[in-house]
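The sequence shown begins at 2 in the working numbering and counts up by one. Every residue gets a Cβ at the ideal spot worked out from N, C-alpha and C, and that includes glycine. Working notes, structure below.
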Amino acid sequence: MIKKLAILTSGGDAPGMNAAIRVCTRAGLFYGIDMYVVYDGFKGLIEGNIKQINKEFTSDIMNRGGTIIRSARLEEFKDPAVVEKAVRILKDFEIDGLIAIGGDGTYRGLAAMAKLGYPVVGMPGTIDNDVASTDETIGFATALNTICECVDRIKDTSGSHQRCSIIEVMGRHCGDLAIFSSLAEGAEACITFDHPAKEQELFRRLRKMKAQNKSHAIVIVSENLLDIQELAKKIEQQAGFATRTEVLGRLQRGGSPVAHDRILAARLGTEAIELFRRGEHGRVVGIHHNNVVSIDIFEALEMKRDIHSNLMKLVEMLQ
């Protein structure tokens, strides 16, 4: 019988995390479960930064970006002794289980706790959409919308000066933000780890656009992949297009979550609570073909993500 549950957010913040905190809290309280939050992720957990909360704690947070219980990365959580300390602290608070919202790094932390027999459930919260066990993560839709808003604005000034704009988006090693935004914005090129640059083809296409007196060109690139300043120089030399670079950076993380992310948080958060009520744990929740599912956490960490080759073909077809 679950009497007390705690919630934490870990890794990079994502719009919709607050909505997830709200849903888990209120669903738990609805079933008579005492709810707690852990401040500052796994770092706060081993410091014992834990507080019991009520329904009022979650008032007016659904539309707020970031996470009100804050987040942090903790490399030391790879140490089994640190994991044991975290479990011991939760038991000292007489907390029966932990819900953690984050990405693969968060899931690995939970898996280490599950190996010690502690009840955990993971929820996917990251703008990168790089969690293989779910079709989409909380925060991805909002970040994608933010990118599209930025690209729309860049197009205005790019067209005014007949420029090519290279726009770097986030995603770590996952190209979903780049691919989806390229499709939504009609980009002339999309470059990701799984779909590397075809420079000569890009130069040829841009030369043709320049000859046709096209007003602008957009190239979207995943972060940490290449030097966009060097690519800009090559485009100017090989295609004759005046080229500027834009790094959207952490503004992609911020802002009020779109309705889709709030609803996704509601669907996944209620399932997380239901798993504990059914005595099922050591699992992660997700979306598959628009259905809410749960998967064994160790199986989830072995899954391979979709690299969306079909969507990349659409981007190339519509260039």
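For Arg74, the closest alpha carbon among the candidates Gly66, His261, Gly110, Gly67 is that of Gly110. Non-local beta-carbon contacts of Asp177 in its own chain, meaning distances under 8 Å to residues more than five positions away in sequence, involve Asp129, Asn130, Asp131, Phe141, His309 in chain order. Pairing Glu237 with Ile221, the inter-Cα distance amounts to about 16 Å. Between the C-alpha atoms of Asp153 and Glu186 there is a straight-line separation of about 8 Å. Per DSSP, Ser159 is one residue of the alpha helix (DSSP H) stretching across 141 to 161.
For the options Asp93, Gly118, Leu6, Gly250, the alpha carbon positioned closest to that of Gly13 is the one of Gly250. Nearest in C-alpha terms to Glu281, of all of Ile51, Gly118, Asp35, is Gly118. Ser216 and Leu203 have their C-alpha atoms roughly 17 Å apart. Nearest to Met304 by C-alpha distance, out of Ser182, Ser161, Asp136, is Asp136. When the beta-carbon positions are compared, Ala112 and Ile47 stay at least 8 Å from each other.
For the pair Thr107 and Cys25, the Cα-to-Cα distance works out to about 17 Å. Around Leu6, the same chain offers Cys25, Gly29, Ile34, Asp35, Met36, Tyr37, Ile96, Asp97, Gly98, Leu99, Ile100, Ile274, Phe277 as residues with beta carbons nearer than 8 Å, after the five sequence neighbours per side are excluded. Asp41 and Glu200 have their C-alpha atoms spaced approximately 43 Å apart. Glu317 and Gly45 have their C-alpha atoms spaced approximately 46 Å apart. For Arg173, DSSP assigns no beta-bridge partner whatsoever. Residue Ile139 holds the alpha-carbon nearest to the alpha-carbon of Ile288 among Glu224, Arg23, Ile22, Ile139. Around the CB of Glu272, 16 or more other CB atoms lie within 10 Å, so the residue is classed as buried. Taking a contact as a CB-CB distance under 8 Å, the pair Gly49 and Pro16 does not count as one, their CB atoms being some 29 Å apart. His261 sits in a helix when the DSSP states are folded into three classes. Annotation: the continuous beta strand (DSSP E) that includes Asn292 extends over 292 to 297. Note: Glu272 is not bridge-paired with any residue in the DSSP secondary-structure output.
Looking at Met18, Asp228, His162, the one whose alpha-carbon comes closest to that of Met124 is Met18. Non-local C-beta neighbours of Arg263 in its own chain, meaning closer than 7 Å and more than five positions away in sequence, comprise Gly17, Ala20, Met63, ordered along the chain. Residue nearest to Ser60 within the set Arg23, Ala115, Arg205, Ala212 is Arg23 (criterion: CA-CA distance). The beta carbon of Leu145 sits closer than 8 Å to those of Leu178, Phe181, Ser182, Ala185, all from its chain and outside the five residues before and after it, given in chain order. With a cutoff of 8 Å on beta-carbon distance, Ala115 and Gly283 are scored as near each other.
Apart from sequence neighbours up to five positions away, the residues of its chain that approach Cys149 with a beta-carbon distance below 7 Å are Ser182, Ala185, Glu186, ordered along the chain.
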